[in-house]
Amino acid sequence: MELPRNLNWALPVFFLLSSLVSNGVLVESSHKVYIHLQNEGAVNVQTVHRTGYHFQPPMHWINDPNGPMYFNGHYHLFYQYNPKGAVWGNIIWAHSVSKDLINWIPLKPAIVWSKPFDQYGAWSGSATILPGNKPVILYTGIIDPYKTQVQNYAIPANYSDPYLEEWIKPDDNPLIVAPIGVNKTLFRDPSTAWMGQDGHWRIILGGVRKHRGMAYLYRSRDFKKWIKAKHPLHSVAGDGNFECPDFYPVQVTGENGLDSSANGPNVKYVFKASFDKTRFEYYSIGTWSHVDDKYVPDPGMVETWKGLRYDYGNFYASKSFFDHGKNRRIVWGWANESDTPEDDMTKGWAGIQLIPRKVWLDPNGKQLLQWPVEELNTLRTNHTQLRNQQLAKGVWNKVSGITAAQADVEVVFSFPSLDKAEKYEPCWNDLYAEDVCAIKGGLSEGGLGPFGLATLASKADGEFTPVSFTIFKDDKGYKVLFCSDARRSSTRKMEPKLYRPSFGGWVDVDLSQKKISLRTLIDHSVVEAFAAGGKTVISSRVYPEHAIYDKAELYAFNNGTEIITVENLDAWSMKRPQMN
Ligand SMILES: *[C@@H]1O[C@H](CO)[C@@H](O)[C@H](O)[C@H]1NC(C)=O
Ligand SMILES: *[C@@H]1O[C@H](CO)[C@@H](O)[C@H](O)[C@H]1NC(C)=O
Ligand SMILES: *[C@@H]1O[C@H](CO)[C@@H](O)[C@H](O)[C@H]1NC(C)=O
Ligand SMILES: *[C@@H]1O[C@H](CO)[C@@H](O)[C@H](O)[C@H]1NC(C)=O
Ligand SMILES: *[C@H]1O[C@@H](CO)[C@H](O)[C@@H](O)[C@@H]1NC(C)=O
1321 MELPRNLNWA
1331 LPVFFLLSSL
1341 VSNGVLVESS
1351 HKVYIHLQNE
1361 GAVNVQTVHR
1371 TGYHFQPPMH
1381 WINDPNGPMY
1391 FNGHYHLFYQ
1401 YNPKGAVWGN
1411 IIWAHSVSKD
1421 LINWIPLKPA
1431 IVWSKPFDQY
1441 GAWSGSATIL
1451 PGNKPVILYT
1461 GIIDPYKTQV
1471 QNYAIPANYS
1481 DPYLEEWIKP
1491 DDNPLIVAPI
1501 GVNKTLFRDP
1511 STAWMGQDGH
1521 WRIILGGVRK
1531 HRGMAYLYRS
1541 RDFKKWIKAK
1551 HPLHSVAGDG
1561 NFECPDFYPV
1571 QVTGENGLDS
1581 SANGPNVKYV
1591 FKASFDKTRF
1601 EYYSIGTWSH
1611 VDDKYVPDPG
1621 MVETWKGLRY
1631 DYGNFYASKS
1641 FFDHGKNRRI
1651 VWGWANESDT
1661 PEDDMTKGWA
1671 GIQLIPRKVW
1681 LDPNGKQLLQ
1691 WPVEELNTLR
1701 TNHTQLRNQQ
1711 LAKGVWNKVS
1721 GITAAQADVE
1731 VVFSFPSLDK
1741 AEKYEPCWND
1751 LYAEDVCAIK
1761 GGLSEGGLGP
1771 FGLATLASKA
1781 DGEFTPVSFT
1791 IFKDDKGYKV
1801 LFCSDARRSS
1811 TRKMEPKLYR
1821 PSFGGWVDVD
1831 LSQKKISLRT
1841 LIDHSVVEAF
1851 AAGGKTVISS
1861 RVYPEHAIYD
1871 KAELYAFNNG
1881 TEIITVENLD
1891 AWSMKRPQMN
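First residue of the sequence shown? That's 1321 in this note's numbering, and the numbers climb one at a time after it.
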C-alpha cells in the first residue's frame, strides 16, 4: 500500500517545493518531504487512546497485515512497520506469533530491506504453504527511489523452528519484474498462491491500466519461474488502482473455510481489492472459469465504489488465510488513525489491526458473513446484562458494571411493528449509505429508529459514538440503515479538516421476527460493530476527550417514535491479552 493521504500538516512544505501536488493527490516525490519525520522516533508513547486488546506493536507506525498463516500450531502475523517513526516510511515486515490469534509474542523483523531487489522497501505480500508443509512468502520489493516494484520470495531458514523467526531472501530474486506495458510503480501486493487442476500455481498482483483496476494473473509450475497470463484474472473499468487483491474459494453451504486451492461443485469464489482511489475495499462473489482462467462475478454483483465491502468504515489492505487448524477462513484488516499525522507524532504510534474475523458465505449466496474469531471470547470478564428493557423516544439506558472503554457487547433489539418506519427517499439511491447516515443516522430522530448503542460516551459532555439502526419502507419492503457516526465522538475542538465520518451501510436482513442484533467491540479509540450476525460491519476510529478509561459510559438509546425493546443485552469487560 501507498503512503497515507492525510498530509495536511505537510502541505506548507509542499507548496514551498511547488507543483508536487497534482489534482489534489500527492505524487511520487512526496516521500522526500517528510524523510526527517519518518525517522523521528517516538519520544514517549501516549496511552490514552491506545487499544487494550487490538493488535499493536509497542510504538510507531503500522499498516497492512502481511502473510498471515497457521503453521505447526502457531498463527503468524507479519505487518508493514516503520521501526523508526509514527508516520509511514522505512517499511519492513515486522513479525509476531500467537497460539490463539489474541495473545501475541513479538519476534525480530522477518524481512528488512537490504538487497538490490528490495533496498528501498519491503512492501506487502502473502504466504503460501507449499506441499510438504513448506511456507513461502511472496512480497513486493522496491528497487529504486522511483518506487519501481518487483516481486520477491523469502523462505524460513529453519522449518523446524516453531516460530519461523529467521527468513532467507535467496539471491535468485526478484522472481517477477513488470513486463512492458505494465506501470512498474503500480505493480504490487502478490496474493497467496492457489493451484489449478492443471497442477500449476497461480497468483494475482494488483495494478491499473487506464483507470481500469487490474488483477494480473501469473502462473508457475515450480513457484520460481512465473509467467504472466495473457488476460488478467479480473479487471474492472473505472475502479482505479487495485491494491492487495485477494481471491479465495468459499463453500456454498456451511461456515467452514476452504484451502485456497480447494475446488469442486459446491464452491464459489470471492474476489477482493483495496481501491487506492477511495481507500476502501470491495469484494464480489462469483465463479472461477477454468476454461479461460478468469473470475466471473455472479449476475447482479456491483463492482464499483458502491459494491459490497467487508467493512463500511475504517478497514483497508485486508488479507485472508485458511486456518486448517480450525477449518475456517480468517480475514485481517488494518485500521489507520483518523487523527492527524501531528497527533500520531505526539502519540508515538499509528495504526492497529482489527480483530481477525471468520468469513463465510451468507446462505443467501449474495454476500459474506463475518464474525470475530471465537478466541476473542476468552478475554471476556465482568459481565452485565439487561433483559426486556423498553426504550421510549429519547431514552438513554445506561449499561453499568463493566469497563465501557474496553468491552464486548451483544444485544438484540425488537419492536412491536414496522408501521412507524419512515419512507425511504428514492434520491438516496444516488448517495452512499454514509451520506444517508449523516441525515438519518444515530444523531437524528425518526420513526422506527434510530436506536442502538451510544458507545464511548460521556453523556454530560455530549460526547458519544452512536452505533444505530434506522428502518425505512419503500414499495418493495423495508430497508435497514446501519450507522457508526464519529461526528460527536470527541468534544476536542472540531477542526473542519479532521476526519469524523458518519460511516454507514445497508443491512440485507429479514425483519419478519421484528428483531435485529448487534455486536460491538469497543476498545478506547476503536468501535467495531457487527450488524445482524455479521451481515454488515463498520469500524470507526474515535478519540474522545472525556469518555476515556473509567469515565467512558455505554448506553442503549432510542430516538424514534416507535418503542424499542432491548430483549437481551450482554456486555463484558475485556481483559488485556499479551500484546507484543
Ligand atoms: C532449528 O530449530 C530447531 C527447533 O527450534 C532447533 O532444535 C535446531 O537447532 C534449529 N536448527 C538450526 C540449524 O538452527
Ligand atoms: C505510473 O504510475 C505512476 C504512479 O505511481 C504515475 O505517476 C505515472 O504517470 C504512471 N506512468 C504511466 C506511464 O502511466
Ligand atoms: C470486575 O469484577 C471484579 C471481581 O469481582 C471486581 O473487583 C471489579 O471491580 C469489577 N470491575 C468492574 C469494572 O466492575
Ligand atoms: C435525537 O434527536 C435529536 C433531534 O434531532 C438530536 O438533537 C439528538 O442528538 C438525538 N439523540 C441521539 C441519541 O441521537
Ligand atoms: C485513513 O485516514 C483518514 C484520515 O486521514 C483518510 O481519510 C483515509 O483515507 C485513510 N485510510 C486509508 C486506508 O489510508
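Every residue gets a Cβ at the ideal spot worked out from N, C-alpha and C, and that includes glycine.
Counting only runs of 4+ residues, the alpha helix (DSSP H) found wholly inside the stretch 1730-1798 occupies 1753-1760, in chain order. Between the stretch 1741-1748 and the stretch 1858-1868 there are fewer than three inter-stretch CB-CB distances shorter than 8 Å, so the stretches are not counted as touching. Annotated three-state conformation of Leu-1421 is coil, per DSSP. Not one heavy atom of ligand 5 lies closer than 8 Å to the C-beta of Ser-1860. Going by C-alpha positions, Gly-1560 is about 18 Å away from Lys-1467.
A distance filter of 5 Å between CB atoms and the heavy atoms of ligand 1 selects the following residues in sequence order: Asn-1478, Ser-1480 and Asp-1481.
For Thr-1840, the enclosing beta strand (DSSP E) has its first and last residue at 1835-1843. For Lys-1667, the enclosing alpha helix (DSSP H) covers residues 1661-1667.
At a cut-off of 8 Å, the beta-carbon of Thr-1505 counts as near ligand 2: some heavy atom of the ligand is closer than that. Asp-1755 and Val-1432 have their C-alpha atoms some 42 Å from each other.
Across the structure, Asn-1392 and Phe-1642 are spaced so that their CA atoms are roughly 14 Å apart.
Three or more beta-carbon pairs separated by less than 8 Å are not found between the stretch 1607-1616 and the stretch 1624-1634, which leaves the two stretches without contact. Only exposed fits Arg-1541, as fewer than 16 other CB atoms lie within 10 angstroms of its CB. Counting only residues of its own chain and dropping the five nearest sequence neighbours on each side, Asp-1491 has no CB closer than 6 Å to any other CB. Within the stretch 1608-1693, the runs of beta strand (DSSP E) at least 3 residues long that lie entirely inside it are, in chain order, 1614-1617, 1636-1643, 1648-1655, 1677-1681 and 1688-1692. The criterion of a C-beta distance shorter than 9 Å is not satisfied by Leu-1801 and Ala-1727.
Not one heavy atom of ligand 2 is found less than 8 Å from the C-beta of Lys-1597.
Within the same chain, Ser-1822 come within 6 Å of Ala-1758 by CB-CB distance, once the 5 residues on both sides are set aside. In its chain, beyond the 5 residues on either side, no residue has a beta carbon closer than 6 Å to the beta carbon of Arg-1370.
When secondary structure is reduced to three states using DSSP, Tyr-1473 falls in the strand class. Of the candidates Pro-1465, Ile-1457 and Ile-1462, Ile-1457 places its Cα closest to the Cα of Ala-1477. Ranked by Cα distance from Gln-1898, the first of Trp-1408, Gly-1361, Lys-1419 and Gly-1409 is Lys-1419. Close CB contacts of Leu-1706 within its chain, under the 6 Å cut and outside five residues either way in sequence, are with Val-1886 and Leu-1889 (chain order).
Ligand 2 has a heavy atom closer than 8 Å to the beta-carbon of Lys-1467. Per DSSP, the continuous beta strand (DSSP E) segment holding Val-1556 begins and ends at 1554-1556. If you draw a straight line from the Cα of Asn-1717 to the Cα of Gln-1358, it is about 46 Å long.
Counting every other CB atom within 10 Å of its CB across the protein chains shown gives Glu-1601 a total of 16 or more, marking it as buried. Remark: the C-beta of Ala-1774 is in contact range of ligand 4, defined as less than 8 Å to any heavy atom.
The C-beta of Lys-1454 has fewer than 16 other C-beta atoms within 10 Å across all chains shown, which makes the residue exposed. Burial is judged here by how many other beta carbons sit within 10 angstroms of a residue's own beta carbon; Val-1417 has at least 16 and is buried.
Note that the C-beta distance between Arg-1522 and Leu-1495 is not below 9 Å. At least 9 Å separates the beta-carbon of Gly-1584 from that of Asn-1647. Per DSSP, Val-1829 lies in no beta strand (DSSP E) and is assigned neither H nor E. In chain order, Met-1321, Asp-1384, Cys-1564, Ser-1594 and Trp-1654 place their CB closer than 6 Å to the CB of Ala-1637, counting only its own chain and leaving out the 5 sequence neighbours on each side. A direct Cα-Cα distance of roughly 17 Å separates Arg-1812 from Tyr-1869. Cβ-Cβ separation between Gly-1361 and Gly-1405: approximately 6 Å, consistent with a contact (criterion under 8 Å).
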